[in-house]
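Trainee: According to the numbering used here, the sequence shown is numbered sequentially starting from -6.
Okay, handing you the structure first.
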Amino acid sequence: MISQKIPDSGIVLLEERGYELVYLDQEYPLETEELLKVCRDADALLCLLSDHINADFLQQCHKLQVVANYAVGYENIDVPTARERGIVVTNTPDVLSKATADLAFGLLLAVSRRIVEAHQYILEGEFDGWKSTLLLGTEISGKTLGVLGAGRIGTEMAKRAIGFDMDVIYHSRSPKSHLDDTGCRWVDLETLLSESDFISLHLPLTTETKLIINAKTLARMKQGVYLINTGRGKLVDEQALVTALRTGQLAGAGLDVYELEPDIHPELTELNNVVLLPHIGSATTEARDKMAGLCASAIIDVLEGRTPPNQV
-6 MISQKIPDSG IVLLEERGYE LVYLDQEYPL ETEELLKVCR DADALLCLLS DHINADFLQQ
54 CHKLQVVANY AVGYENIDVP TARERGIVVT NTPDVLSKAT ADLAFGLLLA VSRRIVEAHQ
114 YILEGEFDGW KSTLLLGTEI SGKTLGVLGA GRIGTEMAKR AIGFDMDVIY HSRSPKSHLD
174 DTGCRWVDLE TLLSESDFIS LHLPLTTETK LIINAKTLAR MKQGVYLINT GRGKLVDEQA
234 LVTALRTGQL AGAGLDVYEL EPDIHPELTE LNNVVLLPHI GSATTEARDK MAGLCASAII
294 DVLEGRTPPN QV
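Given below as structure tokens:
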């Protein structure tokens, strides 16, 4: 069972193995109850992050052996219930790290150099020649990037920042030798908040990290910092973010994910110092093809009695 449209690479792999596919060739999720109606007798489910696979769903799919999630995150799936029922859950790590880091760094550049504002300025017919103070932004060379979450994507983000002559500090549960060897420096959370000129979020969503960016942590940041979030929307309290952007505590923000996605705090859309994207962190042809292949391969592994390498 494939819940939504995916690249053909995953479809081909499954068809070549002779599996009977129920493929919902659409780019929107069904309500959980509707998806259950067509998935109840499936042996495998390939789902997207926007599909909500809860405990009741898993309990009613009596034949289900594997749920392959077309994403790195898997908070849309009740993993404890899946584990209790012996259902394997997999994700798609590694293959989208570079694409997402590219976008995160693109957001950093876009908001610090006011690229979207400048584009709109042209479209509105305002450009009438060079001016010394027109749309002044800030340089990133020599500035400090704080990477919050030093997993695969956070590591790739750090690499890109080093290439732009930024100083990189990072916070994770423990120091990472592969980052320390490149000149990055592990710091505690308080130091990252107070020393960073730019902060990029790459944390998983857990009870500990939910709304980690809130009124209190925003107040502890250096005034004029830029915040980038391509991680999880619920890492950020959007009302507190709006307040910090309006008061100047934050100079700007670049967001690809949202607290109540797909809904976006309406005041965010009114601010010129924010760049908003529609959750396209991994949206490259290369990354999405590889994600589809990973999901299909995981399903094949489980149905043929093997343990998939990307089991969560």
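Just so it is clear, CB atoms sit at the ideal spot from N, CA and C, and this is done for glycine as well.
Compute the Euclidean distance between the alpha carbons of Lys169 and Asp34, then round it to the nearest angstrom.
Mentor: Here residue 169 refers to the residue found at position 176 of the sequence shown. Here residue 34 refers to the residue found at position 41 of the sequence shown. Distance between the alpha carbons of Lys169 and Asp34: 44 Å.
Trainee: Excluding sequence positions up to five away, which residues of its chain have a Cβ less than 7 Å from the Cβ of Lys91?
Mentor: Reading the sequence shown from its first residue, position 98 is the one you call residue 91. Close CB contacts of Lys91 within its chain, under the 7 Å cut and outside five residues either way in sequence, are with Glu149 (chain order).
Trainee: Give the DSSP-derived three-state secondary structure of Ser187 in the structure shown.
Mentor: Within the sequence shown, numbered from 1, the residue matching residue 187 stands at position 194. Helix at Ser187.
Trainee: According to DSSP, simplified to helix, strand and coil, what is Ile108?
Mentor: Numbered from its first residue, the sequence shown carries residue 108 at position 115. DSSP places Ile108 in helix when its eight states are reduced to three.
Trainee: When the Cα of Gln242 is compared with those of Ser189, Leu129 and Asp256, which residue comes out closest?
Mentor: Working through the sequence shown from its first residue, we reach residue 242 at position 249. When only C-alpha atoms are compared, the closest one is Ser189.
Trainee: Which of helix, strand or coil does DSSP assign to Val295?
Mentor: Working through the sequence shown from its first residue, we reach residue 295 at position 302. It is helical.
Trainee: With a CB to CB cut of under 6 Å and the five nearest residues on each side skipped, what residues in its chain are close to Ala318?
Mentor: Residue 318 lies beyond the range of the chain shown here (-6 to 305); nothing can be said about it.
Trainee: For Ile108 and Ile70, which I take to be in contact (beta-carbon distance under 8 Å), what is that distance rounded to the nearest angstrom?
Mentor: Taking the first residue of the sequence shown as position 1, residue 108 is located at position 115. Taking the first residue of the sequence shown as position 1, residue 70 is located at position 77. Their Cβ separation, rounded to whole angstroms, is 36 Å, which puts Ile108 and Ile70 out of contact at 8 Å.
Trainee: Near Leu128, which residues of its chain fall below 8 Å by C-beta distance, leaving aside the five closest residues on each side in sequence?
Mentor: Taking the sequence shown and counting its residues from 1, one reaches residue 128 at position 135. So the qualifying residues of the chain are Arg107, Glu110, Ala111 and Tyr114.
Trainee: Skipping 5 residues on each side, what residues in its chain have a beta carbon closer than 7 Å to that of Gly286?
Mentor: Position 293 of the sequence shown, counting from 1, holds the residue named residue 286. If we look at Gly286 and ignore the five residues flanking it on each side, its Cβ neighbours are Ser2, Gly3 and Leu6.
Trainee: Can you give me the C-alpha to C-alpha distance between Val104 and Phe157, rounded to a whole angstrom?
Mentor: The residue you call residue 104 lines up with position 111 of the sequence shown. The residue you call residue 157 lines up with position 164 of the sequence shown. Approximately 16 Å, taken between the alpha carbons.
Trainee: Which one or two residues does DSSP pair with Arg178 in a beta bridge?
Mentor: For the purposes of this step, residue 178 is taken as residue 185 along the sequence shown, with counting starting at 1. Paired residues: Ile162.
Trainee: Spatial neighbours of Tyr251 within its chain, please: CB distance less than 6 Å, with the 5 preceding and 5 following residues excluded, ordered by chain position.
Mentor: On the sequence shown, residue 251 is found 258 positions in, with the first residue counted as 1. Contacts found: Gly226 and Ile257.
Trainee: Could you tell me the alpha carbon to alpha carbon distance between Ser275 and Leu100, rounded to whole angstroms?
Mentor: The residue you call residue 275 lines up with position 282 of the sequence shown. The residue you call residue 100 lines up with position 107 of the sequence shown. Roughly 14 Å separates the two Cα atoms.
Trainee: Going along the chain, which residues of its own chain have a beta-carbon closer than 7 Å to the beta-carbon of Arg281, five neighbours each way excluded?
Mentor: Numbered from 1 along the sequence shown, position 288 holds the residue referred to as residue 281. These residues qualify, in order along the chain: Pro0 and Ser275.
Trainee: Report the residue ranges of all alpha helix (DSSP H) runs contained in full by the region 186 to 273; include only those spanning at least 4 residues, in chain order.
Mentor: 208 to 212 and 231 to 240
Trainee: Between which two residues does the alpha helix (DSSP H) carrying Thr74 extend?
Mentor: Against the sequence shown, residue 74 aligns to sequence position 81. Unbroken alpha helix (DSSP H) run through Thr74: Val72 to Glu77.
Trainee: Thinking just about the alpha-carbon of each residue, which of Met284, Leu57 and Cys288 is nearest to the one in Asp49?
Mentor: Sequence index remark: in the sequence shown, residue 49 carries index 56 (1-based). If you compare the alpha carbons of Met284, Leu57 and Cys288 with that of Asp49, the shortest gap goes to Leu57.
Trainee: Among Glu8, Asp230 and Leu17, whose alpha-carbon lies nearest the alpha-carbon of Lys(-2)?
Mentor: Counted from its first residue, the sequence shown places residue -2 at position 5. Ranking the options by Cα distance to Lys(-2), first place goes to Leu17.
Trainee: Does the region 191 to 203 come within contact of the region 173 to 181, defined as at least 3 CB pairs closer than 8 Å?
Mentor: Not touching, per the Cβ criterion.
Trainee: What residues are listed by DSSP as bridge partners for Ile(-5)?
Mentor: Position 2 of the sequence shown holds residue -5. In DSSP, Ile(-5) forms a bridge with Tyr16 and Leu39.
Trainee: Work out the CA separation of Pro255 and Cys54 for me, nearest whole Å.
Mentor: Counting from 1 along the sequence shown, the entry for residue 54 is found at position 61. Counting from 1 along the sequence shown, the entry for residue 255 is found at position 262. Spanning the alpha carbons of Cys54 and Pro255 requires a straight line of approximately 27 Å.
Trainee: Is the Cβ-Cβ distance between Leu194 and Leu141 less than 8 Å?
Mentor: In the sequence shown, residue 194 corresponds to position 201, counting from 1. In the sequence shown, residue 141 corresponds to position 148, counting from 1. In contact: Leu194 and Leu141 (Cβ atoms closer than 8 Å).
Trainee: Mapping DSSP to helix, strand and coil, what is Gln58?
Mentor: On the sequence shown, position 65 is the one that residue 58 refers to. In this structure, Gln58 counts as coil in the three-state DSSP scheme.
Trainee: Rounded to whole angstroms, what's the CA-CA distance from Arg145 to Leu23? Just pull it up for me.
Mentor: Taking the sequence shown and counting its residues from 1, one reaches residue 145 at position 152. Taking the sequence shown and counting its residues from 1, one reaches residue 23 at position 30. Cα to Cα, the separation comes out at about 31 Å.
Trainee: Where Ser43 and Glu117 are concerned, what is the direct C-alpha to C-alpha distance, given to the nearest angstrom?
Mentor: For the purposes of this step, residue 43 is taken as residue 50 along the sequence shown, with counting starting at 1. For the purposes of this step, residue 117 is taken as residue 124 along the sequence shown, with counting starting at 1. Rounded to whole angstroms, the separation of the alpha carbons of Glu117 and Ser43 is 36 Å.
Trainee: Please list the terminal residues of the continuous alpha helix (DSSP H) segment that includes Val140.
Mentor: As a position in the sequence shown, residue 140 is number 147, starting the count at 1. Counting along the chain, Val140 sits inside no alpha helix (DSSP H); it lies in the beta strand (DSSP E) bounded by residues Thr137 to Leu141.
Trainee: Any heavy atom of the ligand NAP within a distance shorter than 7 Å of the CB on Met284?
Mentor: Within the structure as shown, the ligand NAP is missing, as the structure has no ligands at all.
Trainee: With which residues is Gln304 paired in a DSSP beta bridge?
Mentor: Working through the sequence shown from its first residue, we reach residue 304 at position 311. Looking at the DSSP assignment, Gln304 forms a beta bridge with Thr83.
Trainee: Using a beta-carbon distance below 8 Å, is Ala244 in contact with chain C?
Mentor: Reference to chain C is not applicable here, since this structure consists of a single protein chain.
Trainee: Within a Cβ cutoff of 7 Å, which residues of the same chain sit near Leu28, ignoring the five residues on either side of it in sequence?
Mentor: The sequence position of residue 28 within the sequence shown is 35, counting from 1. These residues qualify, in order along the chain: Ser(-4) and Asp44.
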